[in-house]
Structures are given as structure tokens and as C-alpha cells.
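> With the working numbering applied, the sequence shown covers 72 to 286.
Glycine included, each C-beta is placed from N, C-alpha and C at the ideal position.
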Amino acid sequence: MKTQIKICGLSTSKAVASVVAGGGTHLGFIFFPKSPRHISTQQARDLISNVTGLETVAVTVNADDAYLDEIVEVMKPTMLQLHGRESLDRVAEVKAKYGLPIIKALAIRDADDLAKAKTYDGVVELLLLDAKPPKGADLPGGNGVTFDWSLLEGLQTKTPILLSGGIDLFNVDEAMSRVRDTSNSIVGLDVSSGIESAPGVKDITKIEAFLAACS
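1) What number of angstroms, rounded off, separates the C-alpha of K287 from the C-alpha of H97?
2) Figure out for me which residue from V128, G170, A167 has the closest Cα to the Cα of H154.
3) Between I179, L139, E224, S84, which has its C-alpha nearest K203's C-alpha?
4) Could you name the residues of the same chain whose beta carbon sits closer than 7 Å to that of N133, not counting the 5 residues immediately before and after it, in chain order?
5) Kindly list the residues whose CB is nearer than 8 Å to the CB of L222, restricted to its own chain and excluding five residues on each side of it in sequence; keep chain order.
6) Can you tell me which residues form a DSSP beta bridge with L199?
7) Have a look at I78 and E196 and give me their C-alpha separation to the nearest angstrom.
8) Which word fits D201, buried or exposed, when buried means at least 16 other C-beta atoms lie within 10 angstroms of its C-beta?
9) When DSSP labels each residue in this structure, what does K73 get in the three-state scheme?
10) Pair every Cβ in the segment 81 to 92 with every Cβ in the segment 244 to 254, then say whether three or more of these pairs are closer than 8 Å.
11) Below 8 Å between beta carbons: does that hold for V165 and L177?
12) Kindly list the residues whose CB is nearer than 6 Å to the CB of S254, restricted to its own chain and excluding five residues on each side of it in sequence; keep chain order.
13) Between the alpha carbons of Y138 and E144, how many angstroms are there, rounded?
14) With respect to the beta strand (DSSP E) encompassing V262, which residues constitute its N-terminal and C-terminal limits?
15) Judging by CA-CA distance, which residue of E141, S106, R108, S84 is the nearest neighbour of D117?
16) Out of curiosity, what's the CA-to-CA distance linking I275 and V258?
17) Apply the 10 Å Cβ neighbour rule to V272 and answer buried if 16 or more other Cβ atoms are within range, or exposed otherwise.
18) How many Å lie between K189 and T217 at the Cα?
19) Does the distance from the CB of V130 to the CB of G99 come in under 8 Å?
Spelled out as C-alpha cells, the structure:
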């Protein structure tokens with residue numbers, strides 16, 4: 072299976088083009104007003120208008136049906152990412168309503184948090200393991216912090232996993248070693264703040280170097 076690399080928080084055509092050219096597999100767009108990476112549904116639609124062959128992911132945080140309706144109608148993503156505190160029932164409800172593959176993000180700090188991963192087997196297409204945000208943080212993700220990756224050793228779920236949280240050019244090799252370790256269910260990486268020059272500003276050179284390191 073090809074390593075799945077999701078570049079998240081995209082907001083410019085240059086950044087999208089660099090992911091496509093560099094061999095990324097998933098383009099992530101943030102729909103959360105508190106985030107510096109937030110864009111409109113029409114912006115996202117314009118950014119993916121010429122994209123083929125990659126998954127286009129709409130990333131939401133505890134979004135209600137009205138907002139999801141708008142996202143699906145205007146952007147027309149190929150996947151939905153639920154990055155809030157959505158319950159298992161809510162995740163199943165969203166999947167049934169929109170008929171799209173689901174990525175569910177889980178906030179991880181310790182083994183108890185990680186134990187929740189198996190509850191999503193058969194419900195979602197991908198799990199995204201992110202670090203729990205620091206106290207007082209406004210964002211559930213994109214905070215540039217990692218969790219203890221040694222917790223991942225031997226983690227087996229029926230659902231493929233993307234590793235996220237504080238991944239950048241300094242630790243991408245270690246992160247990729249987790250992907251290549253066949254004793255767990257990790258199939259790829261998700262990165263956002265680790266390839267930016269400022270919050271919400273993607274650095275094309277960093278994107279290119281990151282994707283090269285994952286190949």
C-alpha cells in the first residue's frame with residue numbers, strides 16, 4: 072500500500088500544486104473559524120477545481136448539519152474529517168447522511184486515549200491520531216505538539232491510521248519509521264503547522280522537502 076500523506080490547512084493554489092507535484096495523497100482544508108487556516112467553502116472549491124487523483128478532505132470541528140450541508144454542496148469533498156468531540160453515534164450519523172468516507176481524529180495523551188481507537192473499527196475509513204492540545208488552546212489540532220509515539224508500538228486496529236501532531240522536517244524520519252513498522256496499523260502521516268513559515272502560511276520549500284522525506 073502506498074504511504075498516505077495528508078497535507079492539511081491548505082489555502083493557496085501554489086501550496087496545493089506543490090502537494091500534487093510532490094506525491095501527496097490527501098489535501099486537507101479547514102472549516103473552523105478559530106483556526107488561522109480557515110477558508111470558505113468556495114475558496115476550497117476553487118482550490119481543488121483542477122485536482123484529480125487525490126483525496127480532498129473537508130476538516131470540521133463539531134460542525135452542525137447546516138454547515139456540513141454547505142461544505143458538501145459547495146466544496147464537494149471526497150472525504151470528511153471530524154476533528155472535534157463528535158460521539159461515535161454522531162460520526163455514524165454523518166457518514167450515513169452524506170455517504171462519504173470519514174476520517175475521525177482522536178486526541179491522544181496516554182494509553183487510555185489510545186484505547187478508544189478500536190471503537191471506530193467498521194465505522195470510519197481512517198483514524199487520525201493527534202496530540203491533545205495544550206491547556207487553554209483554541210484549536211483541537213495544528214498546535215505543533217506531539218504525543219508519546221512509543222504508545223503506538225503494537226497498536227493494531229482494523230481501521231488504518233494516520234499519525235499526526237507536531238510532525239515536521241526534524242522528526243519526519245522518526246514518524247516514517249512508525250509507518251514502516253508493520254506491527255501497527257499506521258499507514259501514513261498528516262502534517263499542517265510543521266510545514267509553515269507562520270501560522271496558516273504554508274512554506275512551499277518545506278512542503279517539497281517533507282514529501283521528499285516521505286517517499
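Quick look at the numbers:
1) The displayed coordinates of the chain run from 72 to 286. Any statement about residue 287 would go beyond what the structure contains.
2) Taking the first residue of the sequence shown as 1, we reach residue 154 at position 83. Answer by Cα proximity: V128.
3) Taking the first residue of the sequence shown as 1, we reach residue 203 at position 132. Minimum Cα distance to K203 is reached at I179.
4) Residue 133 sits at position 62 when you count from the first residue of the sequence shown. Same-chain partners within the cutoff: G155, R156, E157.
5) Numbered from its first residue, the sequence shown carries residue 222 at position 151. Here the set comprises I179, D181, A182, L185.
6) The residue given as residue 199 occupies position 128 in the sequence shown. Paired residue(s): A176, L233.
7) Working through the sequence shown from its first residue, we reach residue 78 at position 7. Working through the sequence shown from its first residue, we reach residue 196 at position 125. Using only the alpha carbons, I get a separation of about 18 Å.
8) Looking up residue 201 in the sequence shown gives position 130. Buried, since its Cβ has 16 or more Cβ neighbours within 10 Å.
9) Taking the first residue of the sequence shown as position 1, residue 73 is located at position 2. The answer is coil: DSSP assigns K73 none of H, G, I, E or B.
10) no
11) The sequence position of residue 165 within the sequence shown is 94, counting from 1. The sequence position of residue 177 within the sequence shown is 106, counting from 1. Contact: no.
12) The residue you call residue 254 lines up with position 183 of the sequence shown. Once the five neighbours on either side are set aside, the close Cβ partners of S254 are G225.
13) If you number the sequence shown from 1, residue 138 lands on position 67. If you number the sequence shown from 1, residue 144 lands on position 73. Those two C-alpha atoms are separated by around 10 Å.
14) The residue labelled residue 262 in the question sits at position 191 within the sequence shown. V262 -> beta strand (DSSP E) spans 257 to 262.
15) On the sequence shown, position 46 is the one that residue 117 refers to. Per the Cα distances, S84.
16) In the sequence shown, counting from the first residue as 1, residue 275 sits at position 204. In the sequence shown, counting from the first residue as 1, residue 258 sits at position 187. Going from the Cα of I275 to the Cα of V258 covers about 24 Å.
17) Sequence index remark: in the sequence shown, residue 272 carries index 201 (1-based). That one is exposed.
18) For the purposes of this step, residue 189 is taken as the residue at position 118 of the sequence shown. For the purposes of this step, residue 217 is taken as the residue at position 146 of the sequence shown. Looking at the two C-alpha atoms, the distance is approximately 21 Å.
19) Residue mapping note: residue 130 aligns to position 59 of the sequence shown, counting from 1. Residue mapping note: residue 99 aligns to position 28 of the sequence shown, counting from 1. Yes, the pair counts as a contact, with Cβ atoms nearer than the cut-off.
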